[in-house]
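Structure, as structure tokens:
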Amino acid sequence: NAGVMQNPRHLVRRRGQEARLRCSPMKGHSHVYWYRQLPEEGLKFMVYLQKENIIDESGMPKERFSAEFPKEGPSILRIQQVVRGDSAAYFCASSPDWTRADTQYFGPGTRLTVL
Amino acid sequence: LAKTTQPISMDSYEGQEVNITCSHNNIATNDYITWYQQFPSQGPRFIIQGYKTKVTNEVASLFIPADRKSSTLSLPRVSLSDTAVYYCLVGDPFKAAGNKLTFGGGTRVLVKP
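So the protein lines, in turn, are chains A and B.
Position one of the first sequence corresponds to residue 80 (the working numbering), numbered consecutively onward.
Position one of the second sequence corresponds to residue 702 (the working numbering), numbered consecutively onward.
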């Protein structure tokens, strides 16, 4: 059973470009979470999605960031017009249901570097 | 959400036991204590979770005193591969909002040969 997959693992963008980060949850998981980790800091929650629904986006910046989890295909975290401060590791986690936090399984992350 | 405080870093040697204490003075009645491990360039991994007293699994033990205002993660006989950042989280895993994991700064454990 494959784990959570994220791609690309490393992404370099210039200021003003768009970044698209993809997350494929574990088989059978319908809940996806995105977290951001700045260097030397802990992970910060961004958004929680179920298939075709955003459940909690309280951690998402109000502008330039969006997330989706379509009926088919991976979850996408999209960052428009990236700035240097967006450079971070972005982790996706998935779970089979919403009831237990210990059932969140994390992917390897995408490291975004903005030049 | 209950705030947690844990040491920034700890050094140890192979074969020793490592104990990391986390303070959570404002823990709520329904909150559980969960520990995650994060290796460099990887996502966090669930280690152990408990509510009170002692919990043990194949990886670690978790000790929680009666007042639940702190907890101690115990890693027996560490090896070099246990070098990682260890995060203590407190929250209600049975609430939808509890699924929003809140990570603090964690404790960087360095195991030396």
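Beta carbons are placed, not taken as given, at the ideal position from N, Cα and C, and that holds for glycine.
Apart from the five residues just before and just after residue i, which ones in its own chain have a Cβ nearer than 6 Å to its Cβ?
i                     : result
residue 786 (chain B) : 739, 807, 809
residue 707 (chain B) : 723, 789, 808
residue 713 (chain B) : 719, 779, 812
residue 710 (chain B) : 809
residue 115 (chain A) : 123, 125, 167, 169
residue 91 (chain A)  : 192
residue 752 (chain B) : 733
residue 760 (chain B) : 748
residue 721 (chain B) : 774, 787, 808
What is the C-beta distance between residue i and residue j, in whole angstroms, given that I count them as a contact (C-beta under 8 Å)?
i                     : j                     : result
residue 191 (chain A) : residue 166 (chain A) : 6 Å
residue 118 (chain A) : residue 111 (chain A) : Wrong, their Cβ atoms sit about 24 Å apart, outside the cutoff.
residue 195 (chain A) : residue 89 (chain A)  : Chain A is shown only over 80 to 194; residue 195 (chain A) falls outside these bounds and no answer can be derived.
residue 84 (chain A)  : residue 188 (chain A) : Contact flag wrong, Cβ pair sits at about 11 Å.
residue 783 (chain B) : residue 776 (chain B) : 6 Å
residue 805 (chain B) : residue 121 (chain A) : 5 Å
residue 715 (chain B) : residue 802 (chain B) : Not really, about 30 Å apart at Cβ, beyond 8 Å.
residue 156 (chain A) : residue 93 (chain A)  : Contact flag wrong, Cβ pair sits at about 19 Å.
residue 161 (chain A) : residue 98 (chain A)  : 5 Å
residue 144 (chain A) : residue 134 (chain A) : The pair is not a contact, with the Cβ atoms about 16 Å apart (cut-off 8 Å).
residue 737 (chain B) : residue 745 (chain B) : 4 Å
residue 146 (chain A) : residue 154 (chain A) : 7 Å
Which chain B residues sit within Cβ distance under 8 Å of residue i?
i                     : result
residue 124 (chain A) : 801, 802, 803
residue 170 (chain A) : 744, 745
For residue i, go through chain B and note every residue whose CB falls closer than 9 Å to its CB, in chain order.
i                     : result
residue 144 (chain A) : The premise fails here: residue 144 (chain A) is roughly 16 Å from chain B at the closest Cβ pair, so nothing lies under 9 Å.
residue 187 (chain A) : 742, 743, 744
Run down chain A in chain order and give the residues with a C-beta less than 9 Å from the C-beta of residue i.
i                     : result
residue 788 (chain B) : 121, 122
Who are the neighbours of residue i on chain A, taking C-beta pairs under 7 Å?
i                     : result
residue 806 (chain B) : 120, 121
Tell me which residues share the same chain as residue i and place their Cβ nearer than 8 Å to its Cβ, disregarding the 5 neighbours each side in the sequence.
i                     : result
residue 183 (chain A) : 112, 172, 173, 174
residue 762 (chain B) : 749, 755, 756, 774, 775, 777
residue 743 (chain B) : none
residue 796 (chain B) : 731
For residue i, collect the residues of the same chain with a Cβ closer than 7 Å to its Cβ; drop the 5 residues on either side in sequence, then sort them by chain order.
i                     : result
residue 87 (chain A)  : 189
residue 764 (chain B) : 755, 772, 773, 775
residue 130 (chain A) : 109, 148, 150
Starting from the beta carbon of residue i, find every residue of chain B whose beta carbon is closer than 7 Å, and list them in chain order.
i                     : result
residue 135 (chain A) : 801
Can you list, in chain order, the stretches of the beta strand (DSSP E) that have 3 or more residues and sit fully within the segment 89-117 of chain A? 89-92, 98-103, 110-116
Unbroken stretches of the beta strand (DSSP E), 3 residues or longer, contained in the segment 762-789 of chain B: 762-765, 771-776
Runs of beta strand (DSSP E) wholly within the segment 110-185 of chain A (minimum 3 residues, chain order): 110-116, 122-129, 132-135, 144-147, 154-158, 167-174
With a floor of 3 residues, list each beta strand (DSSP E) that falls wholly inside the segment 709-760 of chain B, ordered by position along the chain. 710-714, 719-724, 733-739, 746-751, 754-757
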